[in-house]
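The structure appears below as structure tokens.
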Amino acid sequence: MKTYIGTKLVHMEPMTRQQYNDFRGWALPADENGEDEGYLVEYLDGGKPNTPQYDGYVSWSPKAQADAAYRPTDGLSFGLAIEAMKKGERVARAGWNGAGQFVYLVPPASYPAQTGAAKAFFGDGAMVPYNAYFALKTVSDTVSTWVPSVTDCLADDWQIIE
72 MKTYIGTKLV HMEPMTRQQY NDFRGWALPA DENGEDEGYL VEYLDGGKPN
122 TPQYDGYVSW SPKAQADAAY RPTDGLSFGL AIEAMKKGER VARAGWNGAG
172 QFVYLVPPAS YPAQTGAAKA FFGDGAMVPY NAYFALKTVS DTVSTWVPSV
222 TDCLADDWQI IE
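Note that my numbering gives residue 122 to position 51 of the sequence shown, counting from 1, and the numbers run on in steps of one.
In structure tokens, the structure reads:
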């Protein structure tokens, strides 16, 4: 088998194997322990719902495996914060002084040439292409491009802003 690594956003609710089987209306298989601790896991990545009670796909995961694979979204590494931004989420450091400040990923696109310099190079009425970048929503409710410091990159206090 090929090895994979994944990043996904989920909601988790503590639930034994028996409770999950009862929730789904299933009989517990004879070779499984209904008292096994675990979680009902709802995937938030756009999977098709498989029960009317939840908006995302749900399954059950044993506690040890879920605890090893997932962690709360308020103590993330910068790598996980980037993955969240790639999924359209906003992120911030827990220690940032500015209330309401957050970072998000702007995907590559283009905008109409606005300045004389852009019009001279790209042409009057041209669309100016740009690459993806990080944008910072500041405390003054303006947006600036943002480049992380080494401290930001090594921090484990990133959080997803709801």
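Ideal Cβ positions, reconstructed from N, Cα and C, are used throughout, including at glycine.
Being a predicted model, the structure only gives us computed values, none of them experimental.
Beta bridge counterpart(s) of residue i as assigned by DSSP
i, result
"proline 183", "Met198"
"leucine 80", "For leucine 80, which the question treats as bridged, DSSP gives no partner whatsoever."
Proximity below 9 Å, CB of residue i to CB of residue j
i, j, result
"serine 132", "glycine 118", "no"
"valine 214", "glycine 171", "no"
"glutamate 84", "glutamate 113", "yes"
"proline 143", "valine 129", "no"
"alanine 189", "alanine 197", "yes"
"tryptophan 229", "arginine 164", "yes"
"methionine 72", "leucine 111", "no"
"proline 183", "valine 199", "yes"
Unbroken alpha helix (DSSP H) run spanning residue i, endpoints
i, result
"arginine 95", "88-95"
"glutamate 113", "Careful: glutamate 113 lies outside any alpha helix (DSSP H), inside the beta strand (DSSP E) at 109-114."
"lysine 134", "134-140"
Among the options, nearest to residue i - alpha-carbon criterion
i, options, result
"leucine 147", "Glu160, Gln136, Ala135", "Glu160"
"threonine 216", "Thr186, Tyr201, Leu225", "Tyr201"
Given 8 Å as the limit, is there contact between the region 144-161 and the region 73-81, that is, 3 or more CB pairs closer than that? yes
Touching by the beta-carbon criterion (3+ pairs, under 8 Å), the region 173-186 and the region 200-209: Remark: three or more beta-carbon pairs, one from each stretch, lie closer than 8 Å, so the region 173-186 and the region 200-209 are flagged as touching.
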